[in-house]
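These notes are about the structure you will find just below.
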Amino acid sequence: MIAHALRRLAGLGAAVAGAVLSLSVAGQAQAMPDAKVDQQIRPNFGILLAPPLRHPYRPAAWKPRRGGPGYDYYGPRGQRRPLYLDSITVDCGDARSGGAPLADAIYNLADNGVLYIRSRGGVCRETLEIDHPVIIAGEGAPAFGGAGSGVAKLSPPDGMPCIRIAPGVKGVEIRDLVIEAGQGGRSACIEAQDADVALIRSSLRYQGDASAVFVQGGSLIVRNSIIDARTNDAAVVADGALVDIQQSRVTADVRGLDITPAPGQSRLVQVGVIAPGPGLPGSTAVTVRDQRSGAGSLLIANSVIKNWITGVYVDRGAQVELVHNRILKVRRGVLSDYGQVRVRQNAIAADDYGAYFAGGRPEVAYNRFIGAGMDYERGVDPVTEPNYVYSPQGCGYRMPPGSYCRPMSEMPKAIMDESGFDSSGRYGWEVDGYERGYQRDGAPQPRSYVPPPPPRRPIFGHRPPPQPPAYPQGSGSYSGGPPPMVGAPNY
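Here the sequence shown stands for residues 823 to 1313, numbered as in this note's numbering.
Right, here's the structure in full:
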(Lines of atoms letter the chains of each structure in order from A and count residues from 1; the text may use other names and numbers.)
(Lines give C-alpha, C1' and ligand atoms only; values in the text may rest on other atoms or scores of the structure.)
Protein backbone atom coordinates (compact mmCIF):
# COMPACT_ATOMS: atom_id res chain seq x y z
CA MET A 1 0.00 0.00 0.00
CA ILE A 2 2.76 2.43 0.93
CA ALA A 3 4.66 1.72 -2.32
CA HIS A 4 1.46 2.19 -4.33
CA ALA A 5 0.83 5.55 -2.65
CA LEU A 6 4.39 6.67 -3.32
CA ARG A 7 4.06 5.80 -7.00
CA ARG A 8 0.81 7.85 -7.21
CA LEU A 9 2.48 10.82 -5.53
CA ALA A 10 5.44 10.64 -7.94
CA GLY A 11 3.09 10.59 -10.92
CA LEU A 12 1.15 13.55 -9.58
CA GLY A 13 4.41 15.52 -9.05
CA ALA A 14 5.54 14.80 -12.61
CA ALA A 15 2.21 16.00 -13.96
CA VAL A 16 2.40 19.24 -11.96
CA ALA A 17 6.01 19.82 -13.11
CA GLY A 18 5.01 19.22 -16.71
CA ALA A 19 2.17 21.72 -16.44
CA VAL A 20 4.43 24.37 -14.92
CA LEU A 21 7.08 23.78 -17.62
CA SER A 22 4.52 24.06 -20.37
CA LEU A 23 3.23 27.32 -18.92
CA SER A 24 6.78 28.75 -18.70
CA VAL A 25 7.61 27.68 -22.25
CA ALA A 26 4.39 29.22 -23.47
CA GLY A 27 5.23 32.43 -21.63
CA GLN A 28 8.68 32.44 -23.14
CA ALA A 29 7.33 31.74 -26.60
CA GLN A 30 4.91 34.61 -26.18
CA ALA A 31 7.64 36.94 -24.94
CA MET A 32 10.30 35.99 -27.49
CA PRO A 33 8.73 37.83 -30.47
CA ASP A 34 8.45 41.03 -28.40
CA ALA A 35 12.08 40.69 -27.27
CA LYS A 36 13.27 40.10 -30.83
CA VAL A 37 11.36 43.13 -32.13
CA ASP A 38 12.73 45.27 -29.29
CA GLN A 39 16.26 44.09 -30.00
CA GLN A 40 15.91 44.89 -33.69
CA ILE A 41 14.54 48.40 -33.28
CA ARG A 42 16.63 49.48 -30.25
CA PRO A 43 19.80 51.34 -31.35
CA ASN A 44 23.14 50.10 -30.02
CA PHE A 45 24.47 53.26 -28.44
CA GLY A 46 27.76 51.59 -27.55
CA ILE A 47 28.60 51.04 -31.21
CA LEU A 48 27.46 54.57 -32.10
CA LEU A 49 29.63 56.19 -29.45
CA ALA A 50 32.68 53.94 -29.73
CA PRO A 51 32.80 52.31 -33.17
CA PRO A 52 35.22 49.41 -33.52
CA LEU A 53 38.36 50.70 -35.20
CA ARG A 54 40.30 47.45 -35.54
CA HIS A 55 39.21 45.33 -38.49
CA PRO A 56 38.41 41.68 -37.61
CA TYR A 57 40.18 40.38 -40.71
CA ARG A 58 42.61 37.51 -40.21
CA PRO A 59 44.24 35.39 -42.92
CA ALA A 60 42.96 31.89 -43.57
CA ALA A 61 44.85 28.83 -42.37
CA TRP A 62 48.08 28.08 -44.21
CA LYS A 63 47.91 25.23 -46.72
CA PRO A 64 51.25 24.63 -48.46
CA ARG A 65 51.23 23.79 -52.14
CA ARG A 66 53.45 21.08 -53.57
CA GLY A 67 55.37 21.21 -56.80
CA GLY A 68 53.66 20.82 -60.15
CA PRO A 69 54.59 18.84 -63.25
CA GLY A 70 56.94 21.50 -64.60
CA TYR A 71 59.93 20.14 -62.71
CA ASP A 72 60.70 16.42 -62.69
CA TYR A 73 62.83 15.24 -59.83
CA TYR A 74 61.93 12.19 -57.79
CA GLY A 75 63.53 10.71 -54.72
CA PRO A 76 64.67 7.12 -54.31
CA ARG A 77 61.16 6.07 -53.25
CA GLY A 78 59.44 7.79 -56.17
CA GLN A 79 58.21 10.86 -54.26
CA ARG A 80 58.50 14.32 -55.80
CA ARG A 81 61.21 16.50 -54.30
CA PRO A 82 62.24 20.14 -54.89
CA LEU A 83 65.31 20.85 -56.99
CA TYR A 84 66.71 23.55 -54.64
CA LEU A 85 67.86 25.80 -57.48
CA ASP A 86 69.57 29.15 -56.86
CA SER A 87 67.55 31.00 -59.51
CA ILE A 88 64.67 30.33 -61.90
CA THR A 89 63.30 32.53 -64.70
CA VAL A 90 59.57 32.30 -65.47
CA ASP A 91 57.78 33.54 -68.57
CA CYS A 92 54.06 33.64 -67.76
CA GLY A 93 53.26 34.01 -71.45
CA ASP A 94 54.77 30.60 -72.22
CA ALA A 95 52.00 28.00 -72.53
CA ARG A 96 54.45 25.21 -71.64
CA SER A 97 54.88 26.59 -68.11
CA GLY A 98 51.68 25.01 -66.83
CA GLY A 99 48.82 26.48 -64.84
CA ALA A 100 50.88 27.81 -61.90
CA PRO A 101 54.42 28.44 -63.10
CA LEU A 102 55.36 30.84 -60.28
CA ALA A 103 54.23 28.49 -57.51
CA ASP A 104 56.09 25.59 -59.13
CA ALA A 105 59.25 27.69 -59.41
CA ILE A 106 59.07 28.81 -55.77
CA TYR A 107 58.70 25.20 -54.65
CA ASN A 108 61.92 24.28 -56.45
CA LEU A 109 63.98 27.26 -55.24
CA ALA A 110 66.56 26.89 -52.54
CA ASP A 111 66.48 29.14 -49.48
CA ASN A 112 67.26 32.74 -50.51
CA GLY A 113 66.95 31.75 -54.16
CA VAL A 114 65.82 34.25 -56.79
CA LEU A 115 62.73 33.96 -58.98
CA TYR A 116 62.96 36.22 -62.05
CA ILE A 117 59.68 37.12 -63.75
CA ARG A 118 59.98 38.08 -67.41
CA SER A 119 58.61 41.50 -68.22
CA ARG A 120 57.60 40.51 -71.76
CA GLY A 121 55.63 37.45 -70.80
CA GLY A 122 52.26 39.02 -70.03
CA VAL A 123 50.48 39.04 -66.66
CA CYS A 124 51.02 36.21 -64.16
CA ARG A 125 47.55 35.33 -62.86
CA GLU A 126 48.03 33.23 -59.74
CA THR A 127 48.53 33.44 -56.00
CA LEU A 128 52.05 32.99 -54.68
CA GLU A 129 52.34 30.77 -51.61
CA ILE A 130 55.79 31.08 -50.07
CA ASP A 131 57.04 28.79 -47.31
CA HIS A 132 60.79 29.57 -47.33
CA PRO A 133 63.00 32.68 -47.82
CA VAL A 134 63.10 33.74 -51.48
CA ILE A 135 63.52 36.85 -53.63
CA ILE A 136 60.83 37.65 -56.22
CA ALA A 137 62.34 40.01 -58.80
CA GLY A 138 60.62 41.48 -61.82
CA GLU A 139 62.73 41.79 -64.92
CA GLY A 140 63.36 45.37 -65.95
CA ALA A 141 62.06 46.83 -69.17
CA PRO A 142 64.38 46.10 -72.11
CA ALA A 143 66.44 49.06 -73.28
CA PHE A 144 65.82 48.31 -76.98
CA GLY A 145 62.11 47.62 -76.64
CA GLY A 146 60.44 44.45 -77.70
CA ALA A 147 57.19 42.55 -77.35
CA GLY A 148 55.04 42.82 -74.26
CA SER A 149 54.32 45.60 -71.81
CA GLY A 150 57.83 45.87 -70.44
CA VAL A 151 56.56 45.53 -66.85
CA ALA A 152 56.60 42.35 -64.77
CA LYS A 153 53.08 42.12 -63.37
CA LEU A 154 51.30 39.80 -60.93
CA SER A 155 47.50 39.73 -60.76
CA PRO A 156 45.70 37.01 -58.76
CA PRO A 157 42.25 35.54 -59.53
CA ASP A 158 39.27 37.49 -58.20
CA GLY A 159 38.77 37.14 -54.46
CA MET A 160 42.20 35.60 -53.89
CA PRO A 161 45.30 37.09 -52.21
CA CYS A 162 48.31 38.07 -54.28
CA ILE A 163 51.07 36.74 -52.02
CA ARG A 164 50.75 34.54 -48.93
CA ILE A 165 53.74 33.97 -46.69
CA ALA A 166 53.78 31.05 -44.27
CA PRO A 167 54.26 31.72 -40.53
CA GLY A 168 57.87 31.84 -39.46
CA VAL A 169 59.44 32.58 -42.84
CA LYS A 170 62.30 35.05 -42.38
CA GLY A 171 63.25 36.98 -45.48
CA VAL A 172 60.82 37.30 -48.42
CA GLU A 173 61.84 40.16 -50.69
CA ILE A 174 59.74 41.50 -53.57
CA ARG A 175 61.59 43.72 -56.04
CA ASP A 176 60.65 45.68 -59.17
CA LEU A 177 57.21 44.11 -59.46
CA VAL A 178 53.77 45.51 -60.26
CA ILE A 179 51.05 43.82 -58.21
CA GLU A 180 47.40 44.47 -59.02
CA ALA A 181 44.30 43.06 -57.31
CA GLY A 182 41.27 44.67 -58.92
CA GLN A 183 38.74 42.37 -57.19
CA GLY A 184 40.36 41.44 -53.90
CA GLY A 185 37.10 40.67 -52.11
CA ARG A 186 37.71 39.77 -48.45
CA SER A 187 41.33 38.77 -49.03
CA ALA A 188 44.31 41.03 -48.47
CA CYS A 189 46.80 41.34 -51.29
CA ILE A 190 49.92 40.54 -49.23
CA GLU A 191 49.44 38.37 -46.13
CA ALA A 192 52.20 37.51 -43.67
CA GLN A 193 52.13 36.09 -40.14
CA ASP A 194 55.26 36.11 -37.99
CA ALA A 195 57.29 36.55 -41.16
CA ASP A 196 59.73 39.12 -42.52
CA VAL A 197 58.65 40.69 -45.81
CA ALA A 198 60.17 43.53 -47.87
CA LEU A 199 58.67 45.49 -50.77
CA ILE A 200 61.38 47.23 -52.83
CA ARG A 201 60.81 49.50 -55.87
CA SER A 202 57.40 47.96 -56.45
CA SER A 203 53.85 49.12 -57.06
CA LEU A 204 50.82 47.60 -55.34
CA ARG A 205 47.27 48.54 -56.37
CA TYR A 206 44.40 46.98 -54.47
CA GLN A 207 40.61 47.21 -54.50
CA GLY A 208 38.60 45.08 -52.10
CA ASP A 209 37.25 44.79 -48.55
CA ALA A 210 40.47 43.97 -46.66
CA SER A 211 43.89 45.61 -46.47
CA ALA A 212 46.39 45.88 -49.27
CA VAL A 213 49.14 44.72 -46.89
CA PHE A 214 48.38 42.72 -43.73
CA VAL A 215 51.33 41.81 -41.51
CA GLN A 216 50.83 40.20 -38.11
CA GLY A 217 54.05 39.81 -36.18
CA GLY A 218 57.44 39.72 -37.84
CA SER A 219 58.60 42.78 -39.76
CA LEU A 220 57.64 44.87 -42.78
CA ILE A 221 60.15 46.84 -44.90
CA VAL A 222 59.00 49.13 -47.73
CA ARG A 223 61.43 51.13 -49.88
CA ASN A 224 60.75 53.34 -52.93
CA SER A 225 57.34 51.79 -53.50
CA ILE A 226 53.74 52.83 -54.09
CA ILE A 227 50.73 51.34 -52.27
CA ASP A 228 47.36 52.43 -53.65
CA ALA A 229 44.34 50.98 -51.81
CA ARG A 230 40.61 51.42 -52.44
CA THR A 231 39.06 49.79 -49.38
CA ASN A 232 37.19 50.67 -46.20
CA ASP A 233 39.97 49.05 -44.19
CA ALA A 234 43.44 50.51 -43.71
CA ALA A 235 45.77 50.31 -46.68
CA VAL A 236 48.54 48.85 -44.48
CA VAL A 237 47.87 46.95 -41.25
CA ALA A 238 50.90 46.02 -39.14
CA ASP A 239 49.71 44.24 -36.01
CA GLY A 240 52.56 43.69 -33.57
CA ALA A 241 55.15 44.04 -36.32
CA LEU A 242 58.37 46.02 -36.67
CA VAL A 243 57.75 48.55 -39.47
CA ASP A 244 60.36 50.38 -41.56
CA ILE A 245 58.88 52.38 -44.46
CA GLN A 246 61.03 54.93 -46.28
CA GLN A 247 60.63 57.04 -49.42
CA SER A 248 57.31 55.47 -50.29
CA ARG A 249 53.81 56.68 -51.08
CA VAL A 250 50.61 55.31 -49.52
CA THR A 251 47.34 56.41 -51.11
CA ALA A 252 44.00 55.42 -49.58
CA ASP A 253 40.47 56.77 -49.62
CA VAL A 254 39.42 55.82 -46.05
CA ARG A 255 42.36 54.89 -43.81
CA GLY A 256 46.09 54.95 -44.43
CA LEU A 257 48.26 52.98 -41.99
CA ASP A 258 47.16 51.10 -38.85
CA ILE A 259 50.30 50.25 -36.85
CA THR A 260 50.77 48.42 -33.57
CA PRO A 261 54.57 48.54 -33.35
CA ALA A 262 56.50 45.57 -31.99
CA PRO A 263 59.16 46.11 -29.31
CA GLY A 264 61.88 48.29 -30.78
CA GLN A 265 61.55 51.38 -32.95
CA SER A 266 59.40 51.41 -36.07
CA ARG A 267 59.90 54.18 -38.62
CA LEU A 268 58.05 56.13 -41.28
CA VAL A 269 60.72 58.29 -42.92
CA GLN A 270 59.96 60.49 -45.95
CA VAL A 271 56.60 58.88 -46.61
CA GLY A 272 53.63 60.45 -48.37
CA VAL A 273 50.25 59.42 -46.91
CA ILE A 274 47.73 60.99 -49.25
CA ALA A 275 43.94 60.76 -49.56
CA PRO A 276 42.26 61.65 -52.88
CA GLY A 277 40.21 64.52 -51.30
CA PRO A 278 39.62 67.33 -50.78
CA GLY A 279 35.95 66.87 -51.65
CA LEU A 280 35.83 63.52 -49.79
CA PRO A 281 38.73 63.42 -47.33
CA GLY A 282 39.92 60.19 -45.82
CA SER A 283 39.23 59.28 -42.20
CA THR A 284 42.62 58.81 -40.49
CA ALA A 285 46.03 58.84 -42.12
CA VAL A 286 48.10 57.09 -39.42
CA THR A 287 46.68 55.19 -36.45
CA VAL A 288 49.17 54.09 -33.79
CA ARG A 289 48.12 51.56 -31.15
CA ASP A 290 49.58 50.04 -28.02
CA GLN A 291 49.50 46.47 -26.71
CA ARG A 292 49.61 45.48 -23.05
CA SER A 293 52.04 42.64 -23.70
CA GLY A 294 54.69 45.13 -24.77
CA ALA A 295 54.98 47.47 -27.72
CA GLY A 296 57.63 49.64 -29.28
CA SER A 297 57.67 53.22 -30.48
CA LEU A 298 57.00 54.80 -33.86
CA LEU A 299 59.02 57.61 -35.44
CA ILE A 300 57.30 59.67 -38.16
CA ALA A 301 59.90 61.93 -39.77
CA ASN A 302 60.12 64.15 -42.87
CA SER A 303 56.78 62.92 -44.17
CA VAL A 304 53.72 64.52 -45.78
CA ILE A 305 50.13 63.82 -44.67
CA LYS A 306 47.42 65.46 -46.75
CA ASN A 307 43.61 65.46 -47.24
CA TRP A 308 42.43 63.63 -44.10
CA ILE A 309 39.95 64.29 -41.33
CA THR A 310 42.56 63.24 -38.75
CA GLY A 311 46.25 63.26 -39.56
CA VAL A 312 47.75 61.13 -36.76
CA TYR A 313 45.73 59.36 -34.05
CA VAL A 314 47.68 58.06 -31.06
CA ASP A 315 45.89 55.43 -29.00
CA ARG A 316 46.21 55.14 -25.25
CA GLY A 317 49.72 54.18 -24.17
CA ALA A 318 51.27 54.32 -27.65
CA GLN A 319 54.67 55.98 -28.06
CA VAL A 320 55.00 58.29 -31.06
CA GLU A 321 57.49 60.96 -32.10
CA LEU A 322 56.74 63.36 -34.96
CA VAL A 323 59.56 65.49 -36.29
CA HIS A 324 59.96 67.53 -39.52
CA ASN A 325 56.57 66.60 -41.01
CA ARG A 326 54.03 68.56 -43.03
CA ILE A 327 50.38 67.79 -42.20
CA LEU A 328 48.19 69.70 -44.66
CA LYS A 329 44.49 70.10 -45.38
CA VAL A 330 43.20 68.21 -42.35
CA ARG A 331 40.57 69.01 -39.75
CA ARG A 332 42.61 67.67 -36.85
CA GLY A 333 46.35 67.37 -37.13
CA VAL A 334 47.42 65.21 -34.15
CA LEU A 335 45.01 63.58 -31.67
CA SER A 336 46.37 61.84 -28.60
CA ASP A 337 44.33 59.74 -26.17
CA TYR A 338 46.78 59.54 -23.25
CA GLY A 339 49.59 58.56 -25.57
CA GLN A 340 53.27 59.31 -25.07
CA VAL A 341 53.72 61.91 -27.81
CA ARG A 342 56.52 64.21 -28.90
CA VAL A 343 55.61 66.76 -31.59
CA ARG A 344 58.68 68.74 -32.64
CA GLN A 345 59.55 71.01 -35.56
CA ASN A 346 56.50 70.24 -37.73
CA ALA A 347 54.24 72.35 -39.94
CA ILE A 348 50.55 71.53 -39.37
CA ALA A 349 47.69 73.19 -41.27
CA ALA A 350 44.37 72.18 -39.66
CA ASP A 351 40.84 73.56 -39.42
CA ASP A 352 39.75 72.49 -35.91
CA TYR A 353 42.85 71.47 -33.94
CA GLY A 354 46.47 71.48 -34.91
CA ALA A 355 47.19 69.18 -31.95
CA TYR A 356 44.80 67.95 -29.26
CA PHE A 357 45.84 66.03 -26.15
CA ALA A 358 43.30 64.27 -23.93
CA GLY A 359 45.85 63.30 -21.30
CA GLY A 360 49.43 62.47 -20.51
CA ARG A 361 52.48 64.71 -20.65
CA PRO A 362 53.04 65.58 -24.32
CA GLU A 363 56.08 67.44 -25.59
CA VAL A 364 55.25 70.14 -28.14
CA ALA A 365 58.09 72.32 -29.35
CA TYR A 366 59.11 74.55 -32.28
CA ASN A 367 56.10 73.77 -34.50
CA ARG A 368 54.23 75.99 -36.92
CA PHE A 369 50.44 75.67 -36.76
CA ILE A 370 48.42 77.20 -39.59
CA GLY A 371 44.75 77.91 -39.01
CA ALA A 372 44.26 76.17 -35.65
CA GLY A 373 46.70 75.75 -32.79
CA MET A 374 46.96 73.21 -29.98
CA ASP A 375 44.61 72.44 -27.12
CA TYR A 376 44.71 70.32 -23.96
CA GLU A 377 42.19 68.68 -21.69
CA ARG A 378 42.12 69.72 -18.07
CA GLY A 379 44.85 68.00 -16.10
CA VAL A 380 47.29 67.66 -19.00
CA ASP A 381 50.81 68.73 -18.08
CA PRO A 382 52.51 69.61 -21.39
CA VAL A 383 56.19 70.29 -21.93
CA THR A 384 56.31 73.17 -24.39
CA GLU A 385 58.82 75.28 -26.23
CA PRO A 386 57.87 78.20 -28.51
CA ASN A 387 55.31 77.33 -31.21
CA TYR A 388 53.88 79.72 -33.80
CA VAL A 389 50.17 79.83 -34.58
CA TYR A 390 49.30 81.65 -37.80
CA SER A 391 45.68 82.52 -37.13
CA PRO A 392 43.31 83.86 -39.81
CA GLN A 393 41.08 85.32 -37.03
CA GLY A 394 43.83 87.58 -35.81
CA CYS A 395 45.64 87.58 -32.49
CA GLY A 396 43.07 89.13 -30.18
CA TYR A 397 42.48 86.09 -27.98
CA ARG A 398 44.39 84.16 -25.34
CA MET A 399 46.75 81.42 -26.51
CA PRO A 400 47.58 78.23 -24.58
CA PRO A 401 51.01 77.88 -22.95
CA GLY A 402 53.85 77.67 -25.45
CA SER A 403 51.87 79.24 -28.32
CA TYR A 404 52.65 82.59 -29.90
CA CYS A 405 50.22 84.09 -32.38
CA ARG A 406 51.54 85.47 -35.64
CA PRO A 407 49.67 87.10 -38.53
CA MET A 408 48.95 85.00 -41.59
CA SER A 409 51.07 87.36 -43.65
CA GLU A 410 54.18 86.00 -41.90
CA MET A 411 53.45 82.35 -42.73
CA PRO A 412 56.15 80.84 -45.00
CA LYS A 413 54.42 80.23 -48.32
CA ALA A 414 56.57 77.18 -49.07
CA ILE A 415 54.76 75.19 -46.35
CA MET A 416 51.65 74.90 -48.54
CA ASP A 417 53.62 74.12 -51.70
CA GLU A 418 52.34 70.86 -53.21
CA SER A 419 54.67 70.60 -56.18
CA GLY A 420 55.93 67.07 -56.62
CA PHE A 421 53.01 65.44 -54.81
CA ASP A 422 51.87 63.75 -58.01
CA SER A 423 54.41 60.95 -58.39
CA SER A 424 52.79 59.30 -61.39
CA GLY A 425 55.32 57.47 -63.49
CA ARG A 426 57.82 57.23 -60.59
CA TYR A 427 58.18 54.79 -57.76
CA GLY A 428 58.52 55.98 -54.23
CA TRP A 429 58.25 59.44 -52.68
CA GLU A 430 60.86 62.12 -53.18
CA VAL A 431 59.12 65.15 -51.65
CA ASP A 432 60.66 66.80 -48.62
CA GLY A 433 58.44 66.83 -45.57
CA TYR A 434 59.69 69.71 -43.42
CA GLU A 435 63.35 68.86 -42.85
CA ARG A 436 64.82 71.29 -45.37
CA GLY A 437 61.87 73.63 -44.81
CA TYR A 438 62.61 73.90 -41.09
CA GLN A 439 66.22 74.73 -41.86
CA ARG A 440 64.98 77.44 -44.22
CA ASP A 441 62.32 78.94 -41.91
CA GLY A 442 64.21 78.67 -38.64
CA ALA A 443 62.96 77.94 -35.14
CA PRO A 444 60.03 79.87 -33.63
CA GLN A 445 61.05 82.39 -31.00
CA PRO A 446 59.21 83.33 -27.79
CA ARG A 447 57.68 86.60 -28.93
CA SER A 448 54.12 87.80 -28.92
CA TYR A 449 52.38 89.55 -31.75
CA VAL A 450 52.53 93.35 -31.47
CA PRO A 451 49.90 95.10 -33.59
CA PRO A 452 51.01 98.10 -35.63
CA PRO A 453 50.69 101.43 -33.80
CA PRO A 454 47.68 103.62 -34.53
CA PRO A 455 48.24 106.71 -36.70
CA ARG A 456 49.63 109.69 -34.80
CA ARG A 457 47.32 112.57 -33.99
CA PRO A 458 48.43 115.93 -35.32
CA ILE A 459 49.67 118.51 -32.84
CA PHE A 460 47.12 121.15 -33.82
CA GLY A 461 44.09 118.92 -33.57
CA HIS A 462 42.21 116.99 -36.18
CA ARG A 463 43.04 118.08 -39.68
CA PRO A 464 40.60 117.09 -42.41
CA PRO A 465 42.06 115.22 -45.35
CA PRO A 466 42.75 117.34 -48.41
CA GLN A 467 39.85 117.61 -50.80
CA PRO A 468 40.31 116.91 -54.50
CA PRO A 469 40.28 119.97 -56.72
CA ALA A 470 36.89 121.03 -58.04
CA TYR A 471 36.04 120.56 -61.67
CA PRO A 472 36.43 123.71 -63.75
CA GLN A 473 33.27 125.80 -63.71
CA GLY A 474 32.07 126.92 -67.11
CA SER A 475 28.62 128.07 -68.26
CA GLY A 476 26.83 125.98 -65.69
CA SER A 477 27.61 122.62 -67.30
CA TYR A 478 30.62 120.42 -68.01
CA SER A 479 31.32 121.09 -71.61
CA GLY A 480 33.74 118.21 -71.98
CA GLY A 481 32.53 116.14 -69.03
CA PRO A 482 34.62 115.44 -65.96
CA PRO A 483 38.34 115.09 -66.47
CA PRO A 484 39.59 111.53 -66.86
CA MET A 485 41.23 109.76 -63.95
CA VAL A 486 44.97 109.70 -63.90
CA GLY A 487 46.15 106.46 -65.44
CA ALA A 488 42.71 105.49 -66.77
CA PRO A 489 42.77 103.57 -70.04
CA ASN A 490 41.87 105.53 -73.15
CA TYR A 491 39.43 103.33 -75.06
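For each residue, glycine too, the CB sits at the ideal point set by N, CA and C. Remember, predicted model here, so these are calculated numbers, not experimental data.
Could you pull the start and end residues of the beta strand (DSSP E) that residue i belongs to?
| i | result |
| --- | --- |
| I985 | 985-987 |
| D1173 | 1169-1179 |
| D933 | 931-939 |
| Y1210 | 1209-1213 |
| L1121 | 1119-1123 |
| V973 | First-last for V973: undefined, no H or E at that position. |
| I1043 | 1041-1045 |
| Q1087 | 1087-1096 |
| V1037 | 1035-1038 |
| D908 | 907-912 |
| I1237 | Looking at the DSSP string, I1237 is not in any beta strand (DSSP E), and its letter there is neither H nor E. |
| R1190 | 1190-1193 |
| L950 | 950-952 |
| D998 | Premise fails: D998 is in no beta strand (DSSP E) and is neither H nor E. |
| V1186 | 1185-1187 |
| M1196 | 1196-1198 |
With DSSP as the reference, please indicate the residues paired to residue i in a beta bridge.
| i | result |
| --- | --- |
| F1243 | In the DSSP output, where bridge partners are listed per residue, F1243 has none listed. |
| K992 | D1018 |
| T1106 | R1077, T1132 |
| P1229 | S1213 |
| S1024 | S1024 is not bridged to any residue. |
| R1316 | The chain is shown from 823 up to 1313; residue 1316 falls before or after that span and cannot be answered. |
| E961 | Looking at the DSSP assignment, E961 forms no beta bridge with any residue, so it has no partner. |
| P1223 | BP columns for P1223 are empty, so no partner. |
| E1013 | R986, F1036 |
| E1002 | R1027 |
| A1063 | P1083 |
| V956 | G935 |
| V945 | K975 |
| V1205 | E1185 |
On the DSSP letters alone, give me the boundaries of the alpha helix (DSSP H) that residue i sits inside.
| i | result |
| --- | --- |
| G1259 | 1257-1263 |
| I1055 | Reading off the sequence, residue 1055 comes out as Asp, not Ile. Looking at the DSSP string, D1055 is not in any alpha helix (DSSP H), and its letter there is neither H nor E. |
Look at the Cβ atom of residue i, then the Cβ atom of residue j, and state whether they are nearer than 8 angstroms.
| i | j | result |
| --- | --- | --- |
| Y1080 | A1056 | Here residue 1080 turns out to be Asp, not Tyr, going by the sequence shown. In contact: D1080 and A1056 (Cβ atoms closer than 8 angstroms). |
| R1228 | V1211 | yes |
| I1022 | E995 | yes |
| K992 | V945 | no |
| L950 | R986 | yes |
| G1039 | D1075 | no |
| G1118 | Q1087 | yes |
| H1146 | Y1226 | no |
| V1202 | V1186 | no |
| Q1069 | G1242 | no |
| D1174 | D1137 | no |
| L999 | I1067 | no |
| P978 | R947 | yes |
| A1169 | I1237 | yes |
| V1072 | V1058 | yes |
| A1063 | S1041 | yes |
| A1034 | C1011 | yes |
| D1197 | P1234 | no |
| G1193 | A1171 | yes |
| I957 | R997 | yes |
| A1180 | S1213 | no |
| L1120 | P1083 | yes |
| Y1260 | Q1167 | yes |
| G990 | A1017 | yes |
| R1190 | P1085 | no |
| V973 | A959 | no |
| I910 | A925 | no |
Counting only beta-carbon atoms, is residue i nearer than 8 angstroms to chain D?
| i | result |
| --- | --- |
| L950 | Protein chains in the displayed structure number just one, and chain D is not present. |
* Is it true that the stretch 1129-1136 meets the stretch 1145-1153, where meeting means three or more beta-carbon pairs spaced less than 8 angstroms apart? -> yes
* **Contact between the stretch 1012-1032 and the stretch 1041-1055 (3+ Cβ pairs under 8 angstroms)** => yes
* Output the residue ranges of the beta strand (DSSP E) runs that lie fully inside the stretch 1123-1171 and measure 3 residues or longer, sorted by chain position. => 1126-1136, 1141-1145, 1148-1158, 1162-1166
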